[in-house]
Structure formats: C-alpha cells, structure tokens
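What follows is a set of notes on a single structure, which appears directly below.
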Ligand code: ZN
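Residue numbers (our numbering): 200 to 332.
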C-alpha cells in the first residue's frame with residue numbers, strides 16, 4: 200500500500216545555489232546533505248511537513264542527473280511514493296505488467312531502500328517507490 204508522497208526529486212545544476220533559494224527565500228531548512236557515489240549525485244533533503252524535497256546535483260557529467268538536465272533542463276525529475284514493503288510492492292507491480300527499472304530494491308540516499316518504475320508504465324513520470332525503516 201502506498202502511504203504518501205515521500206519526496207519529490209528535483210534536478211539542479213548547482214546544489215548550493217538551489218539550497219540558497221529553498222532556505223533563504225522559501226524559509227525551509229536542509230536536514231542533511233549526502234553524496235551517493237553509486238548514483239553520481241549529491242543530495243540535499245529538505246523536509247516540508249510530511250514530505251521532503253530532494254535536491255539532486257550530478258557529481259559527474261555522465262551521471263543520470265546530468266543527462267536529465269541536458270535533455271530537459273532543471274526541474275522535477277521523479278516523484279517517490281513510500282510503501283511499507285518494497286519487495287512485495289515490486290512483485291505486485293510486476294505481476295500487473297508495470298515495467299520496472301529496478302527489479303530488486305537498492306539502497307538510496309537517506310538510508311531508504313528504493314526502486315524506480317519506468318516512465319513508459321507511469322504516464323510519463325519517473326516514479327520511485329521507497330521504504331524507510
Ligand atoms: Zn528520490
């Protein structure tokens with residue numbers, strides 16, 4: 200079962216500049232900044248009530264976020280829904296014919312287990328499913 204929108208992933212060119220906007224202009228507060236070498240990203244988590252904004256800056260020109268920005272410019276890159284049991288959810292989605300980018304859960308930023316669904320199966324939005332203990 201999907202609990203809520205866990206976070207919205209936003210691709211930015213410059214994390215420090217984007218953080219200035221979220222903190223200085225919107226008045227939000229970064230909870231944590233983390234590098235995920237696997238994904239070639241540096242991530243800032245910004246809690247907004249019950250959900251978070253996840254700002255993503257590429258650490259390499261060939262990373263997925265760099266490629267996303269090259270193609271689409273900066274902006275919303277994915278939406279993450281939180282579930283209680285990610286493995287179960289993936290099996291369920293697969294049985295319903297949803298195309299999975301990640302067949303198995305993998306470790307994402309912030310200690311969450313995550314998996315992405317293919318936008319071709321989700322009406323054009325890159326969807327992340329995540330589980331947090
Ligand atoms: Zn995410």
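Heads up, the beta-carbon is just placed ideally off N, CA and C, and yes, glycines get one too.
For the candidate residues 207, 200, 245 and 263, whose alpha-carbon lies nearest to that of residue 221?
Sequence index remark: in the chain shown, residue 221 carries index 22 (1-based). Minimum Cα distance to residue 221 is reached at 245.
Let me check you understand the geometry: is the CB of residue 317 closer than 7 Å to at least one non-hydrogen atom of the ligand FMN?
Among the ligands modelled here, namely the ligand ZN, the ligand FMN does not occur.
How many angstroms separate the CA atom of residue 289 from the CA atom of residue 234?
One-based indexing of the chain shown puts residue 289 at position 90. One-based indexing of the chain shown puts residue 234 at position 35. If you take the alpha carbons of residue 289 and residue 234, they lie about 26 Å apart.
So residue 308 and residue 330 are in contact, right, with Cβ under 8 Å, and what is the actual spacing, rounded?
As a position in the chain shown, residue 308 is number 109, starting the count at 1. As a position in the chain shown, residue 330 is number 131, starting the count at 1. About 13 Å; that fails the 8 Å criterion.
Taking 7 Å as the cut-off, is the CB of residue 310 close to at least one heavy atom of the ligand ZN?
Working through the chain shown from its first residue, we reach residue 310 at position 111. Incorrect: residue 310 has no Cβ contact closer than 7 Å to the ligand ZN.
Judging by CA-CA distance, which residue of 295, 217, 211 and 226 is the nearest neighbour of residue 267?
Along the chain shown, read from residue 1 onward, the residue named residue 267 stands at position 68. Of 295, 217, 211 and 226, the residue nearest in Cα terms is 211.
Determine the direct distance from the alpha carbon of residue 315 to that of residue 209, and round the result to whole angstroms.
Sequence index remark: in the chain shown, residue 209 carries index 10 (1-based). Sequence index remark: in the chain shown, residue 315 carries index 116 (1-based). Looking at the two C-alpha atoms, the distance is approximately 15 Å.
In terms of residues, what are the limits of the alpha helix (DSSP H) holding residue 264?
Taking the first residue of the chain shown as 1, we reach residue 264 at position 65. Counting along the chain, the alpha helix (DSSP H) containing residue 264 begins and ends at 263 to 271.
Take residue 319 and list the residues in its own chain whose beta-carbon comes closer than 8 Å to its own, dropping the five residues that flank it on each side.
Position 120 of the chain shown, counted from the first residue, corresponds to residue 319. Answer for residue 319: 298, listed in chain order.
Closer than 6 Å by C-beta to residue 256: which residues in its own chain qualify, once you throw out the five before and the five after it? Chain order, please.
Residue numbering aside, residue 256 sits at position 57 when the chain shown is read from its first letter. Cβ neighbours of residue 256 beyond the five flanking positions: 211, 214 and 241.
The ligand ZN heavy atoms versus the CB of residue 210: any closer than 7 Å?
Walking along the chain shown from the start, residue 210 turns up at place 11. Answer for residue 210: no, Cβ out of range of the ligand ZN.
How would you label residue 313, buried or exposed, when you count the other beta carbons within 10 angstroms and need 16 or more for buried?
Within the chain shown, the letter at position 114 stands for residue 313. With 16 or more Cβ atoms within 10 Å of its Cβ, residue 313 is classed as buried.
Would residue 217 be called buried (16 or more neighbouring beta carbons within 10 Å of its own) or exposed?
The residue you call residue 217 lines up with position 18 of the chain shown. Buried, by the Cβ-count rule.
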